[in-house]
Amino acid sequence: MQYLKLLRPSHWAKNLFLYIPLFFAGEIFNLQKVVELLIGFIAFSLIASSIYIINDYRDVEADRIHPVKRKRPIASGAVSKPAALVFFVLCLAIGGLLAWYVRPKFAFVAGIYFIINLLYSFGLKNISILDILILSTGFVLRVKAGGVAANIAVSEWLMIMVFLLALFMAIAKRRDDVLIKTQSGQDMRKAVKGYNMDFMNVMLALVSAVIIVAYLMYTMAPETMSRFGTYRLYYTCLFVIGGLLRYLQITYVENNTGSPTKILYKDRFIQLTILLWVLSFYVIIYLPTNKSFFE
Numbered sequence: 000m001q002y003l004k005l006l007r008p009s010h011w012a013k014n015l016f017l018y019i020p021l022f023f024a025g026e027i028f029n030l031q032k033v034v035e036l037l038i039g040f041i042a043f044s045l046i047a048s049s050i051y052i053i054n055d056y057r058d059v060e061a062d063r064i065h066p067v068k069r070k071r072p073i074a075s076g077a078v079s080k081p082a083a084l085v086f087f088v089l090c091l092a093i094g095g096l097l098a099w100y101v102r103p104k105f106a107f108v109a110g111i112y113f114i115i116n117l118l119y120s121f122g123l124k125n126i127s128i129l130d131i132l133i134l135s136t137g138f139v140l141r142v143k144a145g146g147v148a149a150n151i152a153v154s155e156w157l158m159i160m161v162f163l164l165a166l167f168m169a170i171a172k173r174r175d176d177v178l179i180k181t182q183s184g185q186d187m188r189k190a191v192k193g194y195n196m197d198f199m200n201v202m203l204a205l206v207s208a209v210i211i212v213a214y215l216m217y218t219m220a221p222e223t224m225s226r227f228g229t230y231r232l233y234y235t236c237l238f239v240i241g242g243l244l245r246y247l248q249i250t251y252v253e254n255n256t257g258s259p260t261k262i263l264y265k266d267r268f269i270q271l272t273i274l275l276w277v278l279s280f281y282v283i284i285y286l287p288t289n290k291s292f293f294e
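Per numbering that gives the first Met the number 0, the sequence shown starts with residue 0, numbered consecutively.
What follows is the structure in structure tokens.
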């Protein structure tokens, strides 16, 4: 169980972003592409897990003073450092082979993800602002990899929206680190020295506003309406705004944004907004076009 915990399987939910291009292309029921993406999902998850392992390996001393991270397998002593390195090599090798099997270009994108995040673990994460930009870029690469695996072109709008949403969550997560520093007096990570609560609050407000405006522009863009054959995409803004407001409530009122993944698994309001957002797009993309359905 400790070795499984070392892989952080709960974080594999992030790799569902690989399926986003397939969903928006209206091919989510294409069994062949779904299976290809499933193999790609496993490959990407193993590669991401290898990064988590090497990150925990390097941060073991800092994790031991963190109120939550000290329970991680390496920091707690449940998994030795040599064993963790062996596990790192296995995950990377198997993930890389599966990625190449899906498509060489998919392996190339996954390789870029690995290199960027390896550099992140070896020092770039200590540079304020750059750390959250790298985290956000990781989600964009997931979407790009999904498009490559399914042989589907990914629109610029989709890449921008994914980047902005990931940036929003990364800022909220760093704000939680700043909050811990304020309460305990200890830096949980070196990059926190470049942040303070006022700066984080301004960045959150700024990015959340940009997300809402960008999403409205996306839904009402002529190319978007032409692609989906309807002007009613702006209806889905309700769920995007609702989800953002709930996340801001968790951030400012509950001060509990240390793990976006845990929020996704536990918060019913956000789960409901995501479900309704997906269902609304499903109706627009997959149901037969019939104006009487809406009018």
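No residue lacks a Cβ here, since even glycine has one placed at the ideal position from N, Cα and C.
On a predicted model such as this, the values are computed, not experimentally measured, just so you know.
In three-state DSSP terms, what is residue i?
i	result
residue 156	helix
residue 229	coil
residue 22	helix
residue 286	coil
residue 48	helix
residue 188	coil
residue 92	helix
residue 127	coil
residue 271	helix
residue 254	coil
residue 179	helix
residue 6	coil
residue 173	helix
residue 292	Caution applies to residue 292, whose pLDDT of 49 falls short of 50 and renders its modelled position unreliable; the model cannot decide the point.
residue 54	helix
residue 69	helix
residue 141	helix
residue 150	coil
residue 27	coil
Would residue i be called buried (16 or more neighbouring beta carbons within 10 Å of its own) or exposed?
i	result
residue 64	exposed
residue 45	buried
residue 192	exposed
residue 201	exposed
residue 137	buried
residue 212	exposed
residue 116	buried
residue 197	exposed
residue 199	buried
residue 205	exposed
residue 76	exposed
residue 8	exposed
residue 259	buried
residue 235	buried
residue 113	buried
residue 239	buried
residue 242	buried
residue 168	buried
residue 174	buried
residue 217	buried
Going by DSSP, what residue range makes up the alpha helix (DSSP H) through residue i?
i	result
residue 0	Residue 0 -> no alpha helix (DSSP H), and no H or E assigned at all.
residue 122	Counting along the chain, residue 122 falls outside any alpha helix (DSSP H), and DSSP gives it neither H nor E.
residue 79	Element bounds for residue 79: n/a, residue is neither H nor E.
residue 259	259-265
Going along the chain, which residues of its own chain have a beta-carbon closer than 7 Å to the beta-carbon of residue i, five neighbours each way excluded?
i	result
residue 105	39, 98, 144, 147, 148
residue 101	35, 38, 39, 42, 148
residue 166	131, 135, 206
Could you name the residues of the same chain whose beta carbon sits closer than 8 Å to that of residue i, not counting the 5 residues immediately before and after it, in chain order?
i	result
residue 59	73, 74, 80
Excluding sequence positions up to five away, which residues of its chain have a Cβ less than 6 Å from the Cβ of residue i?
i	result
residue 53	87, 120
residue 6	48
residue 4	72
residue 91	49
residue 94	42, 45, 46
residue 161	138, 139, 142
residue 51	7
residue 10	260
At a cut-off of 8 Å, would you count residue i as near the ligand ADP, judging by its Cβ distance to the nearest heavy atom?
i	result
residue 8	This structure lacks the ligand ADP; in fact it carries no ligand of any kind.
Which runs of the alpha helix (DSSP H) fall wholly inside the region 191-247 and span at least 4 residues, in chain order? Correct list: 196-219, 221-227.
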